[in-house]
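Okay, structure first, notes after.
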Amino acid sequence: MAFPMRSFLALSFSLCAAAGLYAADRLVGGPYVVYPAARTATIGWIVESDGATVTGDSGQARRFPVLRSEKITMTGLKPGETLQYEIPEVGGATPEDRKGSFKVPAAAGAPFQFVVFGDTRSRDELHRKVIEAIARTNPDFVVHTGDLVADGYDTLQWPNFFSIEKDLLRKTVFFPVLGNHERDNARFYDFFDVKTAYYSFDWGTAHFAVIDSDVSNVSSSKSARERFWADQTAWLEADLERSQKAAFRFVAMHHPPLTVNLSSAGHVSKETPTLEPLFEKMKVAAVFAGHDHNYQHHLKNGVHYIVTGGGGAPLAKAEAPLEGITVKVESVEHYVTVKVEGDKAHIEAVALDGHPIESIELAQ
Ligand SMILES: [Fe+2]
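Each residue of the sequence shown is one higher than the one before, starting from 107 at the first, in our numbering.
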């Protein structure tokens, strides 16, 4: 029986691909969902291939894997609907490993809940416990206030981050904030489909603006850093102006405008405190930040400033409160839940051991 040449070539290529090119591929991140708008959302996942082994003078070899991000963007989604998905076969991942679900942003008026947490860059066991606790709250989405990993350039750290967060990320939507430990690395932008480090989105009756406070990694040029901050501030002002009809405006960033951790002067942002008048003018309900590894709540001129950096990084001290401004400080691993129902919002900070740190009621 004659064997068509075209079929033979196709079969040979498939076998080569299966046996060689893709043999080392492994699913090491995701699936996860980023940036759902009223009608679109992107599913992403990370594939690891064999990388390079590098040996130094000491003779100790280190392996640096190749990480490749894959993503698909869906359109035609309906507000508030829940979608189940399954990504293609990758390496030895089971069908269960490749499945996930998420909710499309609720229509205006429908209640929703989200979680804010951050600084997950070390102490894996505590990071894992914080993620397990957050997953039990079944959030519609989560906002990570930055410092996902200790070094955004290290290709070994990203699979570790995704491994710990796997069961949370496959059942919710992820909104990342750039931290200083990401070091403005291209992987942050690539993995999470981030076009610019400052962006905004709407969910139900609330508007969210995410900004990049890691100014020192923007450029080695002072004038370029100043230009970046001016451009971002102009964008933020216009964005908040456009969202004045929203019941709540929330802003997320990594470096807190207000903090009790003043003992390390170099650690305090020069830029983010300059935004306080803008937050007041634009009636921002709450500003969420990280960077300091504890829980802090300050209330200044009607704006709530919450530091939530208790996701696993070594805890920072609860230093002396800012007089007349600080409401609560606790040095503990934790996360913050926010439930929004129409023009009311309930914020609850919860410690890893389950004890309530504090509750805050917001009304329009
Ligand atoms: Fe940080």
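Each residue gets a CB set at the ideal place from its N, CA and C atoms; glycine is no exception.
Close beta carbons around residue i, own chain, < 7 Å, minus the five adjacent residues each side
i	result
Glu425	Val366, Asn367, Leu368, Ser369
Thr188	Ser207, Lys209
Tyr259	Arg289, Asn291
Tyr295	none
Ile237	Ile270, Glu271, Leu274
Ala108	Any reading at Ala108 must be qualified, since the residue scores a pLDDT of 41, below 50, and its modelled position is unreliable; no value is offered.
Trp335	Val321, Glu377
Arg331	Val321, Val324, Ser325
Gly182	Arg145
Local Cβ density within 10 Å of residue i, reported as buried at 16 or more and exposed below that
i	result
Asp318	buried
Pro137	buried
Glu377	buried
Val442	buried
Phe170	exposed
His461	exposed
Thr253	Residue identity differs from the one stated: residue 253 is Asp in this sequence, not Thr. Burial call: buried.
Tyr411	buried
Ser306	buried
Ala239	buried
Thr161	exposed
Asp246	buried
Ser349	buried
Gly396	buried
Arg293	buried
Asp459	exposed
Asp320	buried
Ala167	exposed
Val140	buried
Val390	buried
Glu333	Reading off the sequence, residue 333 comes out as Arg, not Glu. Arg333 should be labelled exposed.
Gly135	buried
Ala241	buried
Lys328	exposed
Pro362	buried
Option nearest residue i by Cα separation, candidates the options
i	options	result
Gly224	Thr414, Gln470, Ser465, Pro420	Thr414
Thr339	Phe268, Ala315, Ile193	Ala315
Val374	Phe334, Asn286, Asp345	Asn286
Gly215	His313, Asp203, Leu275, Gly258	His313
Arg174	Ile240, Gly182, Phe298, Ala391	Phe298
Lys445	Ile463, Arg234, Glu467	Glu467
Leu100	His360, Arg333, Thr146	There is simply no residue 100 to check, as the chain begins at 107 and stops at 470 in what is shown.
Leu275	Asp459, Thr148, Leu183, Leu428	Thr148
Ala392	Arg242, Thr261, Asn244, Val222	Val222
Thr302	Phe281, Lys351, Pro420	Phe281
Val300	Pro142, Phe334, Glu464	Pro142
Val345	Lys387, Pro201, Arg331, Asn323	The sequence as given places Asp at residue 345; Val does not occur at that position. The shortest C-alpha separation from Asp345 is found at Lys387.
Ile431	Asn407, Lys389, Phe220, Gly372	Asn407
Asp203	Asp230, Arg355, Thr380, Trp151	Trp151
Thr179	Thr146, Trp264, Phe334	Thr146
Thr261	Val456, Pro420, Gly157, Glu464	Gly157
Tyr304	Asn244, Glu343, Ile463, Trp264	Glu343
Glu429	Trp341, Arg242, Asp337, Leu364	Leu364
Lys184	Pro194, Trp309, Thr380	Trp309
Contact set for residue i: own chain, Cβ-Cβ below 6 Å, skip 5 residues either direction
i	result
Ala422	Asn367, Asp398, His399, Asn400
Gln190	Ser207
Lys450	Ala469
Lys205	Glu192
Val433	His403, Leu405
Val172	Ser155, Gly157
Glu464	Lys434, Ala455
Beta-carbon proximity list for residue i, same chain, < 8 Å, skipping 5 on both sides
i	result
Glu447	Pro217
Asp131	Val153, Glu154, Ser155, Val196, Gly197
Gly186	Lys209, Val210, Pro211, Ala212, Ala213, Ala216
Leu127	For Leu127, the predicted structure reports a pLDDT of 46, less than 50, and the residue's modelled location is therefore unreliable. A value from the coordinates is still provided. None.
Asn266	Asp230, Val255
Cys122	Its pLDDT being 39, under 50, Cys122 is placed unreliably in this model, and the coordinates cannot settle the point.
Under 9 Å between C-beta atoms of residue i and residue j
i	j	result
Val249	Phe394	yes
Val438	Gly416	yes
Ala256	Arg227	yes
Ala358	Thr251	yes
Thr311	Ala371	no
Ala471	His440	Because the chain is modelled from 107 through 470, residue 471 falls outside the range shown and cannot be assessed.
Val409	Glu436	no
Gln219	Thr243	yes
Chain B within 9 Å of residue i, Cβ atoms only
i	result
Leu364	This model lacks chain B altogether; it includes just one protein chain.
Residues with a Cβ closer than 5 Å to any heavy atom of ligand 1, in chain order?
Asp253, Gly285, Asn286, His397
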